[in-house]
Amino acid sequence: MGMSVTISAATEQDAEQIFRLQYLCFQSEAALYANYRIDPLVQTLDSVREEVAADCVFVARLGEEVVGSVRGWVTEDGAASIGKLCVHPRLQGHGIGARLLRAAESALVEERGAKRFRLHTGHRSEGNLRLYRRVGYQTVGTAEGTDGVPMIILEKPAETYATTA
Numbered sequence: 012m013g014m015s016v017t018i019s020a021a022t023e024q025d026a027e028q029i030f031r032l033q034y035l036c037f038q039s040e041a042a043l044y045a046n047y048r049i050d051p052l053v054q055t056l057d058s059v060r061e062e063v064a065a066d067c068v069f070v071a072r073l074g075e076e077v078v079g080s081v082r083g084w085v086t087e088d089g090a091a092s093i094g095k096l097c098v099h100p101r102l103q104g105h106g107i108g109a110r111l112l113r114a115a116e117s118a119l120v121e122e123r124g125a126k127r128f129r130l131h132t133g134h135r136s137e138g139n140l141r142l143y144r145r146v147g148y149q150t151v152g153t154a155e156g157t158d159g160v161p162m163i164i165l166e167k168p169a170e171t172y173a174t175t176a
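Next comes the structure, spelled out in structure tokens:
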């Protein structure tokens, strides 16, 4: 019998696995933009540790292995910013990313009072855009990332998180 993937809040002990997974997962994004200096690839382990301690961070586990993660925090305007969603390449396409998003959205509303959700992805990241639109996000603008990648900004009201669960 195979193991199932579980979603849970990240702990300090998960930081190193999240760091390694993020580096693996964002290689395809870096290749898509021919830019290996994108933010997820240059983030330090200490910075990941700080995010795990301060932000709303969830992981997907297959046994003891962290195979997915997502982070979220509430900004001054009451929006929950969601970022660095990643799922191990061998497990993509099985709904793990959507489950991680739902977990983060739920916690950000219930524990941190988020009024809406905001995230961004590169303009060429069609798979990401399909997922985000499928779970209710709509394009609200564009921006240039600190790494120079053109980004699409998407949002949805917090009330809709329950309908995507």
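Per the numbering used here, the very first residue in the sequence shown carries number 12; after that it's consecutive. For each residue, glycine too, the CB sits at the ideal point set by N, CA and C. Fair warning: this is a prediction, and the values are worked out from it, not measured in the lab.
Rounded to the nearest angstrom, the Cβ distance from G79 to A71 is 3 Å, consistent with a contact under 8 Å.
The beta-bridge partner set that DSSP reports for F69 consists of A20, V81. According to the DSSP secondary-structure assignment, A154 is paired through a beta bridge with M162. According to DSSP, residue pairing for R135 in a beta bridge does not occur. According to DSSP, residue pairing for S92 in a beta bridge involves W84, R129.
Under DSSP, Q38 shares a beta bridge with no residue.
CA-to-CA, the gap between I93 and T17 works out to about 20 Å.
Cβ atoms of A169 and V98 stay farther apart than 8 Å, at about 23 Å. Between A20 and V68 a beta carbon distance of about 7 Å is seen, short of the 8 Å cut, so the two are scored as contacting. The beta carbon of I49 is closer than 7 Å to those of F37, E40, A41, D158, V160 in its chain, skipping five residues each way along the sequence. In the DSSP assignment, V53 falls within the unbroken alpha helix (DSSP H) covering 50–53. In the three-state reduction of the DSSP assignment, V98 falls in the strand class, which pools E and B. Nearest to V146 by alpha-carbon distance, out of R129, M162, G152, is R129. Exclusion of the five residues before and after R60 leaves A26 as the residues of its chain whose Cβ lies within less than 6 Å of its Cβ.
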